[in-house]
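Visitor: Residue numbers (my numbering): 949 to 1120.
For every residue, glycine included, the Cβ atom is placed at its ideal position computed from N, Cα and C.
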Amino acid sequence: MTTVVALPEPGEASVEDRAKISRRLIQQARAELEAGDRLQATEKAWGALAQMMKAHGQQRGWLNLGGHRTVGHIARHLEAEYEEIAVLRAYVAADNGHRNFYDNEMSPPEIEGIITVVESVLPPLEVALREPPRPFTIRDADQRWRVRVLTGRQTLEVGDSSPVGFSNTHQP
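1) Give the secondary structure of T1085 by DSSP, where H, G and I count as helix, E and B as strand, and everything else as coil.
2) Taking 8 angstroms as the cut-off, decide whether the C-beta atoms of G1045 and I1033 are in contact.
3) Could you give the first and the last residue of the continuous alpha helix (DSSP H) run that contains I1063?
4) In this structure, does DSSP put S970 in helix, strand or coil?
5) If we count the other Cβ atoms within 10 Å of its Cβ and call it buried at 16 or more, is S1109 buried or exposed?
6) Are A993 and A977 closer than 8 angstroms when you measure CB to CB?
7) Could you give the distance in angstroms between the alpha-carbon of D965 and the alpha-carbon of M1000?
8) Could you name the residues of the same chain whose beta carbon sits closer than 6 angstroms to that of E1074, not counting the 5 residues immediately before and after it, in chain order?
9) What does the alpha-carbon distance come out to for the pair F1084 and S1115?
10) Identify every residue that forms a DSSP beta bridge with S1109.
11) Would a C-beta distance cut-off of 8 angstroms place L1011 and L1070 closer than the cut-off?
12) Straight-line CA distance for Q1124 to P1056?
13) By Cβ distance, which residues of its chain are closer than 6 angstroms to F986, with the 5 residues on each side in sequence left out?
14) Compute the distance between the beta-carbons of A996 and I974, then report whether it is under 8 angstroms.
15) Considering only their Cβ atoms, is the gap separating V1106 from R1092 smaller than 8 angstroms?
16) State the Cα-Cα distance for the pair V1019 and A1003, rounded to the nearest angstrom.
17) Once you ignore the five residues that flank L1013 on each side, which residues in its own chain have a CB closer than 7 angstroms to its CB?
Right, here's the structure in full:
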(Lines of atoms letter the chains of each structure in order from A and count residues from 1; the text may use other names and numbers.)
(Lines give C-alpha, C1' and ligand atoms only; values in the text may rest on other atoms or scores of the structure.)
Protein backbone atom coordinates (compact mmCIF):
# COMPACT_ATOMS: atom_id res chain seq x y z
CA MET A 1 0.00 0.00 0.00
CA THR A 2 1.26 3.46 -0.90
CA THR A 3 1.39 6.11 1.79
CA VAL A 4 -0.14 9.38 0.62
CA VAL A 5 2.15 12.35 1.13
CA ALA A 6 0.64 14.83 3.59
CA LEU A 7 -0.25 18.28 2.33
CA PRO A 8 1.60 21.28 3.72
CA GLU A 9 -0.30 23.78 5.83
CA PRO A 10 -2.77 26.05 3.98
CA GLY A 11 -1.06 29.03 2.42
CA GLU A 12 2.34 27.32 2.38
CA ALA A 13 4.05 27.31 -0.97
CA SER A 14 7.76 26.70 -0.44
CA VAL A 15 9.75 24.87 -3.09
CA GLU A 16 9.69 21.72 -0.94
CA ASP A 17 5.95 22.13 -0.33
CA ARG A 18 5.33 22.23 -4.08
CA ALA A 19 7.48 19.10 -4.53
CA LYS A 20 5.43 17.37 -1.80
CA ILE A 21 2.18 18.39 -3.47
CA SER A 22 3.53 17.08 -6.79
CA ARG A 23 4.34 13.70 -5.22
CA ARG A 24 0.91 13.55 -3.60
CA LEU A 25 -0.91 14.40 -6.82
CA ILE A 26 0.88 11.79 -8.93
CA GLN A 27 0.03 9.15 -6.30
CA GLN A 28 -3.57 10.30 -6.42
CA ALA A 29 -3.56 10.22 -10.24
CA ARG A 30 -2.64 6.55 -10.20
CA ALA A 31 -5.20 5.80 -7.46
CA GLU A 32 -7.95 7.65 -9.37
CA LEU A 33 -7.18 5.68 -12.52
CA GLU A 34 -7.28 2.39 -10.59
CA ALA A 35 -10.64 3.46 -9.13
CA GLY A 36 -11.96 4.20 -12.63
CA ASP A 37 -12.13 7.99 -12.38
CA ARG A 38 -10.46 8.93 -15.65
CA LEU A 39 -11.19 12.64 -15.33
CA GLN A 40 -9.64 13.02 -11.90
CA ALA A 41 -6.69 10.83 -12.90
CA THR A 42 -5.74 13.11 -15.78
CA GLU A 43 -6.30 16.29 -13.79
CA LYS A 44 -4.13 15.01 -10.94
CA ALA A 45 -1.34 14.10 -13.40
CA TRP A 46 -1.54 17.65 -14.78
CA GLY A 47 -1.44 19.08 -11.27
CA ALA A 48 1.59 16.96 -10.35
CA LEU A 49 3.59 18.30 -13.28
CA ALA A 50 2.33 21.87 -12.81
CA GLN A 51 3.40 21.88 -9.15
CA MET A 52 6.88 20.64 -10.08
CA MET A 53 7.20 23.35 -12.74
CA LYS A 54 6.09 25.96 -10.21
CA ALA A 55 8.63 24.59 -7.70
CA HIS A 56 11.39 25.21 -10.25
CA GLY A 57 10.07 28.67 -11.02
CA GLN A 58 9.87 29.51 -7.34
CA GLN A 59 13.36 28.13 -6.67
CA ARG A 60 14.66 30.58 -9.28
CA GLY A 61 12.63 33.55 -8.07
CA TRP A 62 10.77 33.79 -11.35
CA LEU A 63 7.68 35.95 -11.70
CA ASN A 64 3.97 35.27 -12.22
CA LEU A 65 3.88 31.59 -11.31
CA GLY A 66 0.10 31.42 -11.23
CA GLY A 67 -1.01 30.64 -14.74
CA HIS A 68 -1.28 27.71 -17.10
CA ARG A 69 0.82 29.54 -19.67
CA THR A 70 3.63 30.07 -17.17
CA VAL A 71 3.78 26.32 -16.52
CA GLY A 72 4.42 25.88 -20.24
CA HIS A 73 7.12 28.56 -20.25
CA ILE A 74 8.91 26.88 -17.36
CA ALA A 75 8.60 23.45 -19.01
CA ARG A 76 10.14 24.76 -22.23
CA HIS A 77 12.98 26.42 -20.34
CA LEU A 78 13.71 23.30 -18.30
CA GLU A 79 13.60 21.15 -21.45
CA ALA A 80 16.41 23.29 -22.91
CA GLU A 81 18.36 23.34 -19.64
CA TYR A 82 17.99 19.65 -18.75
CA GLU A 83 18.15 17.95 -22.14
CA GLU A 84 18.37 14.50 -20.53
CA ILE A 85 14.92 14.91 -18.90
CA ALA A 86 11.93 14.73 -21.25
CA VAL A 87 10.25 17.74 -19.65
CA LEU A 88 8.42 18.93 -22.75
CA ARG A 89 7.13 15.44 -23.53
CA ALA A 90 5.72 15.24 -20.00
CA TYR A 91 4.25 18.74 -20.29
CA VAL A 92 2.47 17.92 -23.56
CA ALA A 93 1.16 14.64 -22.11
CA ALA A 94 -0.05 16.30 -18.90
CA ASP A 95 -1.61 19.19 -20.83
CA ASN A 96 -3.52 16.69 -22.98
CA GLY A 97 -4.67 15.05 -19.76
CA HIS A 98 -5.79 18.43 -18.47
CA ARG A 99 -7.93 18.80 -21.60
CA ASN A 100 -9.35 15.34 -20.96
CA PHE A 101 -10.66 16.62 -17.63
CA TYR A 102 -13.00 18.87 -19.62
CA ASP A 103 -13.69 16.64 -22.63
CA ASN A 104 -13.62 13.01 -21.36
CA GLU A 105 -12.00 11.67 -24.52
CA MET A 106 -9.22 9.41 -23.22
CA SER A 107 -9.22 5.70 -22.55
CA PRO A 108 -7.61 4.13 -19.47
CA PRO A 109 -4.53 2.98 -21.46
CA GLU A 110 -4.01 6.53 -22.78
CA ILE A 111 -4.30 7.90 -19.25
CA GLU A 112 -1.90 5.25 -17.97
CA GLY A 113 0.58 6.51 -20.56
CA ILE A 114 0.21 10.10 -19.36
CA ILE A 115 0.70 9.15 -15.73
CA THR A 116 3.75 7.04 -16.60
CA VAL A 117 5.36 9.87 -18.59
CA VAL A 118 4.76 12.39 -15.80
CA GLU A 119 6.02 9.92 -13.18
CA SER A 120 9.22 9.45 -15.18
CA VAL A 121 10.25 13.11 -15.01
CA LEU A 122 9.28 13.99 -11.45
CA PRO A 123 12.19 12.28 -9.63
CA PRO A 124 14.96 13.81 -11.78
CA LEU A 125 13.25 17.20 -11.63
CA GLU A 126 13.06 16.92 -7.86
CA VAL A 127 16.78 16.09 -7.72
CA ALA A 128 17.45 19.15 -9.88
CA LEU A 129 15.68 21.31 -7.29
CA ARG A 130 18.47 20.51 -4.82
CA GLU A 131 21.14 21.86 -7.16
CA PRO A 132 21.78 25.33 -8.57
CA PRO A 133 20.27 25.84 -12.02
CA ARG A 134 22.57 24.96 -14.89
CA PRO A 135 24.29 27.46 -17.18
CA PHE A 136 22.00 28.68 -19.93
CA THR A 137 22.52 30.69 -23.10
CA ILE A 138 19.58 32.28 -24.90
CA ARG A 139 19.74 30.73 -28.39
CA ASP A 140 16.78 32.26 -30.21
CA ALA A 141 14.04 34.88 -30.07
CA ASP A 142 11.55 32.45 -28.52
CA GLN A 143 13.89 31.67 -25.63
CA ARG A 144 14.66 35.37 -25.23
CA TRP A 145 10.97 36.20 -24.95
CA ARG A 146 10.32 33.35 -22.52
CA VAL A 147 13.27 34.21 -20.24
CA ARG A 148 12.21 37.87 -20.26
CA VAL A 149 8.69 36.86 -19.19
CA LEU A 150 9.91 34.52 -16.46
CA THR A 151 12.60 36.78 -15.02
CA GLY A 152 11.19 40.24 -15.66
CA ARG A 153 14.51 41.23 -17.28
CA GLN A 154 13.42 42.99 -20.46
CA THR A 155 16.94 43.82 -21.66
CA LEU A 156 18.00 40.20 -22.26
CA GLU A 157 19.07 39.38 -25.80
CA VAL A 158 19.87 36.32 -27.90
CA GLY A 159 23.38 35.22 -26.96
CA ASP A 160 23.12 36.36 -23.34
CA SER A 161 24.27 33.71 -20.86
CA SER A 162 23.76 32.96 -17.20
CA PRO A 163 25.81 30.49 -15.17
CA VAL A 164 22.68 29.86 -13.05
CA GLY A 165 19.93 29.46 -15.67
CA PHE A 166 18.75 33.08 -15.39
CA SER A 167 17.70 32.48 -11.81
CA ASN A 168 16.75 35.62 -9.90
CA THR A 169 17.74 33.98 -6.60
CA HIS A 170 21.04 32.17 -7.30
CA GLN A 171 24.29 34.10 -7.47
CA PRO A 172 26.71 33.35 -10.32
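Guide: So, from the data block:
1) T1085 falls in the strand class under three-state DSSP.
2) no
3) Here the alpha helix (DSSP H) through I1063 covers P1056 to L1077.
4) helix
5) exposed
6) Contact: yes.
7) 10 angstroms
8) The residues are A967.
9) 10 angstroms
10) T1085
11) Not in contact: L1011 and L1070 (Cβ atoms no closer than 8 angstroms).
12) Because residue 1124 is not part of the residues shown, which for the chain are 949 to 1120, the question remains open.
13) Reading off the sequence shown, one finds Arg at residue 986, where the question assumed Phe. Excluding positions up to five away in sequence, the list reads I1059.
14) yes
15) yes
16) A straight-line Cα-Cα distance of about 10 angstroms links V1019 and A1003.
17) Residues of the same chain with a CB within less than 7 angstroms of the CB of L1013, apart from the 5 flanking positions on each side, are K1002, G1005 and Q1006 in chain order.
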